[in-house]
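To start, the structure itself, in structure tokens.
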Amino acid sequence: MTQIAIVLYPRFTALDLIGPYEVLRMLPDAEVRFVTHEAGPVVADSGVLLIGATHSFDETPSPDLILVPGGPGCFGAAKDEKLLDWLRAVSPGAQWTTSVCTGSVVLAAAGLLDGLRATTHWSSLAALSLYGVTAVPDERIVRAGPDERIVTRPVSPPASTSRCGSPTRSPGRRRPRRSSSPSNTTRNRIWTPATGRRRRPARSRRRRCCSAAMSTSQRC
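The opening position of the sequence shown corresponds to residue 9 in our numbering, with each subsequent residue numbered one higher.
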């Protein structure tokens, strides 16, 4: 039996744990636990969605894999001594200690990333550095620690491709400047290397072919 502990704390980002959960739960002999101080509902950053914690920290003393999601509540979680003490106690015996997005800030607060390389959401790279961590802005996955058992990732796997369904511009229309525009809505969900500029999404082969066909027909 492989025991997987997904940490919950108030105002976590649901995407950061639901995406990995849907993959991890399909592993052979996997037991997935949602853990926090005590079993019960924990509110996500939307203020509406609730995820039920199945076990307390005390009930989960030896997980094989630990996953800490990100979210605006990560800075509060980074001051939660009960959570930090649990991470310090169980991480050395776990096969993997992982984080998504700003979940690495919580790992850093627990001292698990001291002197190591790690990544996080682009907006929290400076915060990560304050904990004595070498913040890596331009890698999708960073492995560190003994046997590279500590893994940090700047966005959840589904989020890294979510832009495919959200075009930033529509032909013949100006891009909206309001915060509700697709480009602004997806901005916090997209991983981009720290190049100092935004990358335009790559066009699919099908779209390129369609554009070429339209161009040819117009010339005819």
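Each residue gets a CB set at the ideal place from its N, CA and C atoms; glycine is no exception.
Check residue i in the structure and name its three-state DSSP category.
i    : result
R151 : strand
Q107 : First, the residue type needs correcting, since residue 107 is Ser and not Gln in the sequence shown. Note: S107 maps to strand in three-state DSSP.
R96  : helix
S168 : Below a pLDDT of 50, predicted positions are generally treated as unreliable, and S168, at 43, falls in that range; the measurement from the model is reported next regardless. In this structure, S168 counts as helix in the three-state DSSP scheme.
S70  : coil
G140 : coil
Taking its Cβ as the centre, do 16 or more other Cβ atoms sit within 10 Å of residue i, making it buried, or is it exposed?
i   : result
S54 : exposed
L75 : buried
D24 : buried
P36 : exposed
F20 : buried
L8  : Beyond the ends of the chain as shown, which are 9 and 228, falls residue 8; an answer cannot be given.
V43 : buried
V50 : buried
L58 : exposed
V15 : buried
What are the start and end residues of the beta strand (DSSP E) that includes residue i?
i   : result
E39 : 38-44
A13 : 10-15
For the alpha helix (DSSP H) that contains residue i, what are its first and last residues?
i    : result
G27  : 22-32
L133 : 133-137
Is residue i near the ligand FMN, judged by its Cβ being under 7 angstroms from some heavy atom?
i   : result
I59 : For the ligand FMN, the structure offers nothing, since it holds no ligand at all.
Contact between the stretch 139-153 and the stretch 112-127 (3+ Cβ pairs under 8 angstroms): The stretch 139-153 vs the stretch 112-127: in contact.
Three CB pairs or more closer than 8 angstroms across the stretch 80-88 and the stretch 105-121: yes
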